[in-house]
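Below is one structure, written out as structure tokens; the observations come after it.
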Amino acid sequence: MNEMHSRNTISSIILSCIFLFSILFSVSSGDETDHLALLSVKKHITSDPYQIMPLWNDSIHFCNWTGIVCGLRHRRVVTLNLISFGFSGSISPAVGNLTFLRKLLLENNSFTGNIPQEVGRLSRLRILWLRNNSLSGEIPSNISRCPNLVQLDLSINSFIGVIPNEFESLTKLIYLDLDFNELSGEIPKFIGNYTSLATLSGWDNNFQGNIPDTLGQLSDLWYFSFGVSNLSGILSLSFFNMSSLTTIDLVDTQIGGNLPSDIAQRFLGLKILNLPMNKFSGPIPLSLSNVTDLEYLALEENAFTGSVPSFSRQQRLLHFTVDMNQLGNGGSDNLNFVSSLANCTNLRKLGFGSNNLGGVLPRSISNLTLLTSLIIERNLISGNVPYEIGQLVNVGRLYFYSNQFTGRIPDSIGNLKNLGALDLSENLLSGFIPSTLGNLTLLLNQLNLRGNKLEGIVPSEISNCRGLQLLDLSRNDLSGYIPKGIFGLSSLTIALDLSNNHFVGSLPIEVGSLQNLVSFDVSNNMLSGAIPVSLGACTSLVALSMAGNTIEGEIPTSFHALRGLEGLDLSRNTLTGRIPEYLGDFVFLKTLNLSFNDFDGKLPEQGAFKNASIVSVYGNTKLCGGLPEFQLPKCEESSRKKQIPLSLLITIPVISMIFVLILVVMFRWLCKHKKASTKSSSEDGNFPQVSYQSLHEATDGFSSANLIGSGKFSFVYKAILYLKNEPQVVAVKVLKLVVHGADRSFIAECEALRSIRHRNLVKVLTSCSSLDFQGNNFKALVYSYMVNGSLEDRLHHNRGVGLNFLQRLNIVIDLAGALDYIHRQCGSLMIHCDIKPSNVLLDADLVAHLGDFGLARFVHPDSSTSHTNSLVIKGTIGYAAPEYGMGSKVSAYGDIYSFGILILELFTGNRPTDDMFGDALSLHSFVKMAIPDRVKEITDPVLFKTRVQVDTMTTDARDCEMHYGNKDCLTSVYGIGIACSMEIPKDRMEISNALKQLLSVKKTFLKK
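Under my numbering, the first residue of the sequence shown carries the number 302, and numbering increases by one thereafter.
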């Protein structure tokens, strides 16, 4: 018995040992599998700005690596968390070997390529977050083999195709986010079987068809968003069975039909109802007034009719917009709902413009002191503008135009220090313009009082509004002199319209300060005197009208510079003298009206004067000639033969002999310089040639009036040049050949630009390498003209006017694209060597173009030496990489350093050479020390005052943060600038990775 017991004991011990050994072997084997899988993940990462991957080494167990969480019992990886590390590269297929993985979190990186099919092997996976990367291809159906998946976020990528049918098995999903992709097809009916689903979002895709009835089965769904898509049909009654919904977001679809009258009873907890830009019709349900938790109601751009219900109980309401519907009937009670909103003191945006609403605007509107936007234009609203409007101290936009307001403009509007745009046009307002408008010195950029009955003088205080871009006082009864200070507002860029009033006096010389003004109209007043010569300095003018005054004298010769004009109206004045022939050369002219003046002499016949349909000269009785269509008399020629004086007969032979001698001297000189000329002609590569005479004429003899810039090696002029028989506005860069190095700069720029083409590089149209009229060498390059000038001018001389967060972000994205092209994609590696704001030019759409390749170098793949030139200068102080100061050779890292500094300058508004920076502090260290906690303190304050102009009011109203970029986006941009401007070249971010991360920031920002 004892022997048997002993045998049993030994057998138990052996079995236990075998069992323990098998467990140990299994753990060891799984441990090594996970280890190798993580090393493969590391290998597939190509960019690591925060240097996380070096920490993944064998000095510690992989369970202690950054971003890794292992199970306590079996020491297998259960969480891979790489959120917001800025990684680039691809997702390793080996991730499928992490078979104990429950959470795969790769959000906010720049991973590219497809989702590996091997993810389908992660049967324990519960959370898969791939949001905000650059992944593409179709969504792999293998994900359906992860039966325990409860959260799936694939948003902000570039996925295509349809939602796989195999996803029908993912019935445990609670969260599904597919926003901002390129998915198509219909919303699958099987989603109605996801009975635990709480969030379902597919914003900004190409989904089509109806919203399936089966979604009515989702009793736990609280968030539904499928805006900006091609969905159509109507919302079925089953949709309104999802009583747990708190957010319904269907912006910009083709969905229509009526909203049910009992919508409040169906959605008791509704907080956000966002339905703009659809085809909904019928009345706004009265029951909405019972939804006490409602925070956001947007119903604009539909076909709703009837009255607007009361909203007195919605004290949490932040956003209320019903613009562009068919609401109201012009009755006096139509605005009762506004009185009910007096209790909604948290309201930020209120809009009910473009309807048929009548009545008087209630004084209780003043209770809404947190309003930032009040838009009520194009209605039938009458009565006075309430004096209490001055209590809305946070409002940024007041659009009251096209109503029937009467009475005076209240002085209290001068209290609205945050007002950026005030439009009271097309009403019946009377009285004086309040001088208190001059208090709005900080942000006011648009003031429109057109089409009222205002009288008296224009208060001089308006000239205190130094940010005004548009001022329209036309069609009123204003009188007196126009304040000179208005003409000194260099900020006026959009329009200055003072027409159809009773202004007297002459235009002052200060009008020449309006050099960036596009439209100027003082027609139909009582102005007198001559046209000031200084008006010719306003070279951005597209439309100019001075008709219907008593202006006298001749058209000044300075008008020769106004070649961008499309419309010029000087009719019904008392102008005299000849009509300048150069007006015919204004190639953009669509209308030229010189009628009813006192012009004399022969009508020009070139250019615009060949088209009688765009030129009018009626009522000038002293004119002659021109096309028959003008019906002018023929010009008389003198019949008396002119006698040649005897002195002239003697002088002619002498002059002829002198001319022959000059020809001989010139011939010898040309022969002597033939070799030099031949060399010069080859320096400009493959560019078509233009003559010196053509450039001389196009720039009016290189007149200072056409000078738009000057640098160490060149002058830049604005001109209109005929290229391929088409007129083009161009910039002519004339080299200062007397400056040492300018000739080599010209050669470098020609070589750099002759073979590269990119949308973000300046485009060379033609060149000139010739002799001027004095026989001196002359070299010039002709570029496409950039109407918004350089980034330097825009950022520092105009203090960033008009550059909001998104525009600045787009500029650095454009610039990163240009650098990525010249560094990696244009054949030979090209180094620009002088990245700085003055070399970044902005076109009409604020698209950035990198220019001035005078210091550019080519680097051959088999050599680290530059090829183009050997100039000692390697950039500009403050932007040049620190290694250049120690004699290092040029490299792509030098351009990246300059690019990083430019990013920091663009968003802080501080030059790297500012006095605040010295030995102990640089722009780089200044920003690095401030982020993330003090990011808004270091940011250019102008950026926070400039609103983002977006396509729709709905998007514009999502949140105030949208207007000026949020803290996270700013922090990310600064992080990229810091990573690019590291002191050690090898530590700097590659330009391709910088571009990807900037695009990622943009995606994130647009999602906000």
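Using N, Cα and C, we set each Cβ at its ideal position, and we do this for glycine too.
Given residue i as reference, the closest of the options once Cα atoms are compared
{"i": "V696", "options": "G684, Q705, L681, G715", "result": "G715"}
{"i": "C447", "options": "P735, A604, T400", "result": "T400"}
{"i": "D1312", "options": "L924, P881, L893", "result": "Lying outside 302 to 1309, the shown extent of the chain, residue 1312 is not represented and no answer is given."}
{"i": "A796", "options": "A831, S846, F1306", "result": "S846"}
{"i": "N409", "options": "P417, G397, S385", "result": "S385"}
{"i": "S859", "options": "N398, S667, C364, S1004", "result": "S1004"}
{"i": "F612", "options": "I556, M578, A565, K580", "result": "A565"}
{"i": "F638", "options": "V661, I856, R617", "result": "V661"}
{"i": "F701", "options": "S683, V694, V1141", "result": "S683"}
{"i": "T875", "options": "T922, L866, F910", "result": "T922"}
{"i": "F621", "options": "T606, L574, L519, S814", "result": "L574"}
{"i": "I346", "options": "H362, L407, D335", "result": "L407"}
{"i": "G528", "options": "I512, S820, L551, F508", "result": "L551"}
{"i": "A599", "options": "I1178, S562, K754, L648", "result": "L648"}
{"i": "S537", "options": "G557, S526, S1226", "result": "G557"}
{"i": "L560", "options": "V609, G583, N579", "result": "G583"}
{"i": "N466", "options": "V1236, I440, S995", "result": "I440"}
Helix, strand or coil at residue i [DSSP, three-state]
{"i": "P1242", "result": "helix"}
{"i": "N765", "result": "helix"}
{"i": "F1227", "result": "helix"}
{"i": "M1131", "result": "strand"}
{"i": "Y1198", "result": "helix"}
{"i": "A599", "result": "strand"}
{"i": "H362", "result": "coil"}
{"i": "G885", "result": "helix"}
{"i": "T347", "result": "strand"}
{"i": "D1234", "result": "coil"}
{"i": "G660", "result": "strand"}
{"i": "F326", "result": "Reliability fails at F326, whose pLDDT of 42 lies under 50, so the model's placement of it is uncertain and the value that follows must be treated cautiously. F326: helix per DSSP, three-state reduction."}
{"i": "A395", "result": "helix"}
{"i": "A1181", "result": "coil"}
{"i": "A831", "result": "strand"}
{"i": "H1150", "result": "strand"}
{"i": "L836", "result": "helix"}
{"i": "C371", "result": "strand"}
{"i": "F1306", "result": "helix"}
{"i": "V1017", "result": "strand"}
{"i": "E439", "result": "strand"}
{"i": "A848", "result": "coil"}
{"i": "Q932", "result": "coil"}
Local Cβ density within 10 Å of residue i, reported as buried at 16 or more and exposed below that
{"i": "K344", "result": "exposed"}
{"i": "P1233", "result": "exposed"}
{"i": "P929", "result": "exposed"}
{"i": "V1040", "result": "exposed"}
{"i": "I488", "result": "buried"}
{"i": "M1230", "result": "exposed"}
{"i": "R374", "result": "exposed"}
{"i": "E1291", "result": "buried"}
{"i": "E1391", "result": "Nothing in the structure corresponds to residue 1391, since the chain is present only between 302 and 1309."}
{"i": "S800", "result": "buried"}
{"i": "E1238", "result": "exposed"}
{"i": "D798", "result": "buried"}
>> Can you confirm whether the segment 425-437 touches the segment 1273-1285 when touching is taken to mean that 3 or more C-beta pairs between the two stretches lie within less than 8 Å?
In response: no
> So, do the segment 621-633 and the segment 646-658 have three or more beta carbon pairs nearer to each other than 8 Å?
Replying inline: yes
>> When you compare the segment 583-593 with the segment 529-544, are there three or more beta-carbon pairs, one atom per stretch, that lie closer than 8 Å?
In response: no
>> Please give the ranges of any alpha helix (DSSP H) in the segment 745-803, keeping only runs that are unbroken, at least 4 residues long and fully inside the region.
In response: 785-788
> So does the segment 416-423 actually touch the segment 432-451, counting three or more Cβ pairs closer than 8 Å?
Replying inline: yes
>> If we require 4 or more residues per run, which alpha helix (DSSP H) segments fall completely within the segment 553-638?
In response: 564-567
> Given 8 Å as the limit, is there contact between the segment 1181-1189 and the segment 1141-1160, that is, 3 or more CB pairs closer than that?
Replying inline: no
>> Taking 8 Å as the cut-off, does the segment 703-713 touch the segment 724-731 (at least 3 CB pairs, one atom from each stretch)?
In response: yes
>> Count Cβ pairs between the segment 1060-1079 and the segment 1135-1155 that sit closer than 8 Å; are there 3 or more?
In response: yes
> Do the segment 1016-1032 and the segment 1102-1119 make contact, defined as three or more Cβ pairs closer than 8 Å?
Replying inline: no
> Hey, is the segment 754-771 in contact with the segment 808-815, meaning 3+ C-beta pairs nearer than 8 Å?
Replying inline: no
> Is the segment 775-793 in contact with the segment 748-759, if contact means three or more CB pairs nearer than 8 Å?
Replying inline: yes
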